[in-house]
Every structure is written in C-alpha cells, then in structure tokens.
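Student: Going from the sequence shown to the working numbering is simple: count from 1 and add 879. Note that the Cβ used here is the ideal one computed from N, Cα and C, for glycine as well. All figures in this text were calculated on a predicted structure; none of them were measured in a lab.
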Amino acid sequence: MRRAGALVVLLALGGLAVAADAPVPLGPCGPIARAYDGLEVPAAQLHHLGGTPLARLGLLAFRQGQPAPVPFQVDERRGRKLALPGGPEPTADDKPGVLDADDLLVFMACDAGEQASAAQLARALDEAGAGAVWRELRIEDPVDHARGFVYLVSAEHPPATGRRYVAYVPAGDLVESARYRIGLVNALPNYFALATGAALGPNLIDGLRLRAEATLRADLAHWTLDEQHGHHELIAWKAGPVRVVRRSRHQVVIGLGIHLTAGIAHTYFYPQHVYGPGSLKLPFSPGILFRDISAYGGVDGRDLRGWRYFAPGAPPDGFAVDGHMDERESAFASSGEWFVLAHGSDALLFVTRMSENLRRGVTLSLVYRDDAARPSPPEDSPGTVPLVGYRGRGIEKLPGGRYQFALHIYTLPGYRRGDERRLLAQLDAPLTAELTAEGPRPASEPAARAAAPPTAR
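1) So what's residue 1346 in DSSP terms, helix, strand or just coil?
2) Could you check what DSSP says for residue 1108 in three-state terms: helix, strand or coil?
3) In whole angstroms, what separates the C-alpha of residue 1230 from that of residue 945?
4) With a CB to CB cut of under 8 Å and the five nearest residues on each side skipped, what residues in its chain are close to residue 1311?
5) Any contact of the segment 1095-1109 with the segment 933-953, i.e. 3+ C-beta pairs under 8 Å?
6) Scan the segment 1039-1076 and note each continuous beta strand (DSSP E) run of 3 residues or more that stays entirely inside, going in chain order.
7) Using the rule of at least 16 other Cβ atoms within 10 Å of the residue's Cβ for burial, across every protein chain shown, is residue 1224 buried or exposed?
8) What do you reckon, are the CB atoms on residue 1074 and residue 1169 nearer than 7 Å?
9) Specify, as a first and last residue, the run of the beta strand (DSSP E) that residue 1000 falls within.
10) Determine the burial state of residue 1313: buried for a count of at least 16 other Cβ atoms within 10 Å of its Cβ, exposed for fewer.
11) Taking 6 Å as the limit between beta carbons, can you name the residues of its chain near residue 1090, skipping five residues before and five after?
12) Considering residue 1209, what are the terminal residues of the alpha helix (DSSP H) in which it resides?
13) According to DSSP, is residue 1228 helix, strand or coil?
14) Who are the near neighbours of residue 1071 in its chain, counting only those whose CB is closer than 6 Å to its CB and skipping five residues on each side?
15) Would you call the segment 997-1011 and the segment 1284-1296 in contact, with 3 or more CB pairs under 8 Å?
16) Let's see if you can read the secondary structure: which residues bound the alpha helix (DSSP H) around residue 1090?
17) Mapping the DSSP letters down to three states, classify residue 864 as helix, strand or coil.
18) Are the CB atoms of residue 1198 and residue 1206 within a distance shorter than 7 Å?
19) Looking at the structure shown, is residue 1080 part of a helix, part of a strand, or coil, going by DSSP?
20) Check this for me: beta carbons of residue 1264 and residue 1251, under 7 Å apart or not?
21) For a test of the three-state rule: what should DSSP assign to residue 895, helix, strand or coil?
22) If you drop the 5 nearest sequence neighbours on each side, which residues of the same chain put their C-beta closer than 7 Å to that of residue 1273?
23) Please classify residue 973 as buried or exposed, where buried requires at least 16 neighbouring CB atoms within 10 angstroms.
24) How is the beta strand (DSSP E) around residue 1151 delimited, first residue to last?
25) Starting from the Cα of residue 1303, find the closest Cα among 1316, 1288, 1315, 1317 and give me that residue.
26) Could you give the C-beta distance for residue 911 and residue 980, rounded to a whole number, given that I count them as a contact under 8 Å?
27) Answer with buried or exposed for residue 968, where buried requires no fewer than 16 other C-beta atoms within 10 angstroms of its C-beta.
28) Measuring alpha carbon to alpha carbon, tell me which of 904, 1048, 915, 1044 ends up nearest residue 1301.
29) Keeping to the same chain, check which residues put their C-beta closer than 6 Å to that of residue 1283; ignore five residues upstream and five downstream.
30) Take residue 956 as the anchor and find which of 1088, 975, 941 has the nearest alpha-carbon.
31) Quick one: which unbroken alpha helix (DSSP H) runs of 4-plus residues sit fully inside the segment 1230-1317? Chain order, please.
32) Does DSSP classify residue 913 as helix, strand or coil?
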C-alpha cells in the first residue's frame, strides 16, 4: 500500500499547490434552487456566436438588479468527443480556442439570476468595449416551475471572475472542491473526505470494491475477479472552474484469450456532485458463452462507526453502522437504485440509473455489509464497516445491443431524513435552457432579427 501512503503526502502538497486558486463554495442559489445541476448548452444554440475566440466570452447573472460575473467554462468537442488537453493521451479540438457548433457552454444552474432589461444590460456592458453582444439564456425547472436567466457576453473586455468551484492536481490525481476532496490511485478512488468550511474531515473510504463471477457453459471454467485483475489508467483530463473531467481506460484479462473491457470512462466532478456515465456495447448475448454472470460494485467504508444507512426496504431509522451485522441487517435484501450514508448533518447520496433495456435485463439489488471481522482485500482498514453498493444478476441474459448507465454521488450538507426525495425528483426532471433574446444584433443581421423579448420567441 505504498501508493496509498504516497497519496496522503500528495494530498497535503496538493492542497498547497492549489491554494492560490482554492475552490469557493457554491451559492446561495438564485431562482433555480438546484445546487447539484450543471448545465450544458450546445454552442449551436447560441445563434451566430460561432467562430468567437473563447477569450472574448463571459457570463453574467443579475441579482436584485445588480450584474455579477459567474464561473463558466467552454468544453470544446470534436464531434461528440470532448477535447481534454491534459494527460498522457490528450485530445484536441479541430478549432482550438474558438467557439464552434460542437462545443458546450457549462455553468451551474444555481448561479442563474433574474431577467435583466436591455437598459440594465447596456449599463453592465458599458466598459466591455465596442461591438459587445449578448445572448439571454432562460433556465426552467419543471419541478417547481422556477425560471432563471444568465447572459453570455462576447466582448473585447468580457465580464470575468477568478472564482472557481473545483480544482485538480494531476501529480496526485486529486480533485478538490469546497465540499469534498477525492484522491485516486491507478484511476480508482481510494481517498474521499468531506470538508466543512476550512476543516477537512477524515478519509471515509478504504477503496472501491469491484467483484464479478462468470461461469462458462457446461461448467468448462469459472472465474472470480476483482479490481486487482484489471488494468486501470488515467489517460486525459481537463480542469475548468465549474467541473473537472477525467478520462480513464479500464480492462480485465481473464485468461483463454478473453478480454473484458469497460472501455473508456468519463467522470465529471462538480462542486457538490460526482457523475459517472457509462455505456456497454455487446456485439452478441453473453449467454452464448456464459451460463451465469453476476457482479457487484461498492465502496468499502473506512471504519464509519456512528454513521447510518438508509435505503428502500431498510427500516425507517435505517441501519446503524457499528461493525456487527444484526438480524435485520443480515436479512436485508432489497432492490433499489439509491442509498444514503449519513452522520449528523453530513450525508452522501448514491444513485444509479440504468437505461430501460438494461433495467429489463439485469436484476439490481442493494449491497450492505457491516462486519468488522470480515475482510474485503485489498484493504488498509480491516473489515467492511460498511461495504455499500449494488449487485447485478442475470447479465448473461442480455441480448446484443448498447446499454446506458450512470452513477451519481451527492454530498448533502445540513442533511435531514428525507432530503434525498427532492433530489431524486429533480434527477427525473432535468432542467432546460433556451435562448430567449439577444442583442445588440450583429451588423450583418437583418433588422427583423433584432433583440426580442422572451415572449416573442
């Protein structure tokens, strides 16, 4: 575990390395009360801003009539593939540094403000230089029908802020926000701490646990695999002020020339939320070769005695993490897509989402094991206190095709029992962003396409 020990040193050094640009907390939110939602707006929707140098762009929000620049980033893409400039296998945009139709404008919904008048915008851009133009984006929340607005500005002197919500230290593969810090070794997490103000809490995890069992037809061979059988590597990354994006490669060799691969994975780190989407392409059904395939993935807690576990099918007061399995915990067998680990006012919400075709084929159940005497190697902290995650069965029954899945991890400051319900509802009702006004119009545009109020579009 020398690598893990070295990570602790790098964590300390990493904090010093980013001190000058230390992440700031998100909020308070404006009209859109969603602290976890990052919005992606394709540049193709921004109407005649293609070809604009990224250095000319800024983002404004108005609160109580006053404008303020807010953090944003433009994630360049080549087709549908993100351009990630850092790492051993970086990727570049075909038009780097220039906004094109493939690119994504990324900002936090929480930063949206009120709608501004043309006069307010003119005053806000008084020192932006000649030729300044703006685009009004309206954000709508289908849950509570709230509306918020941001203004993308292209100008010689665009509005700018040095505030950032996330930071990245490549030397240690460390991601930091004002709310959490995550460290990875060989592209897998083995350090996760929550922060409250300037205080950083203890490491909460002993590592990621990935287990799979597969049996060939006619019982010709049986494999039991774990995360150590794989080759996992970070290959590219980008660190913006709103999110850090990591690209990693994962592969497992099980013998007989059989390679199992999850391919390329992307992980998105937001101020209070980590998002890991994935896809699986099966050229044919695994059942042609395998009689049975099952797998589970989870996090091994680092002696979380005093925490509580809440999930569908668990008692209303949850399970107390104490290093011992009682009768209720031993009998726990529940399907579900989410669970919460809570300690006082701190909590973590884990949510897995699967595409409909994957949900039909795979039985997903929750894993909870709280046993200080039962090891789950490789580990630094003995036992599983607790091991929490998901188990999938029936994988061999999937027909050939493409399947989608995603894991969300939310930090829940000030947690009260039931807070997860609102987040789950929001996850099922994504925000929308729409261009609703623009101005002043470019000189080449006909007068009929001048800036219009939102109701006219």
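Tutor: From the atom records:
1) Lying before the first or after the last residue shown, residue 1346 is absent from the chain, which here runs from 880 to 1336.
2) helix
3) 37 Å
4) 1018, 1019, 1021
5) no
6) 1045-1048, 1053-1056, 1059-1064, 1067-1075
7) exposed
8) no
9) Taken as a continuous stretch (DSSP letters only), residue 1000 belongs to no beta strand (DSSP E), being part of the alpha helix (DSSP H) at 997-1003.
10) exposed
11) 1105, 1175
12) 1206-1210
13) strand
14) 1061, 1083, 1084
15) no
16) Unbroken run through residue 1090 is the beta strand (DSSP E), 1084-1095; no alpha helix (DSSP H).
17) Residue 864 lies beyond the residue range present for the chain, which begins at 880 and ends at 1336; the question has no answer from this structure.
18) no
19) coil
20) yes
21) At residue 895, the pLDDT of 39 sits below 50, so the modelled position is not reliable; the number obtained from the coordinates is stated separately. It is helical.
22) 1240, 1241, 1242
23) exposed
24) Looking at the DSSP string, residue 1151 is not in any beta strand (DSSP E), and its letter there is neither H nor E.
25) 1288
26) That belief does not hold up - the Cβ atoms of residue 911 and residue 980 are roughly 26 Å apart, past 8 Å.
27) exposed
28) 915
29) 1158, 1234
30) 975
31) 1235-1240, 1298-1306
32) coil
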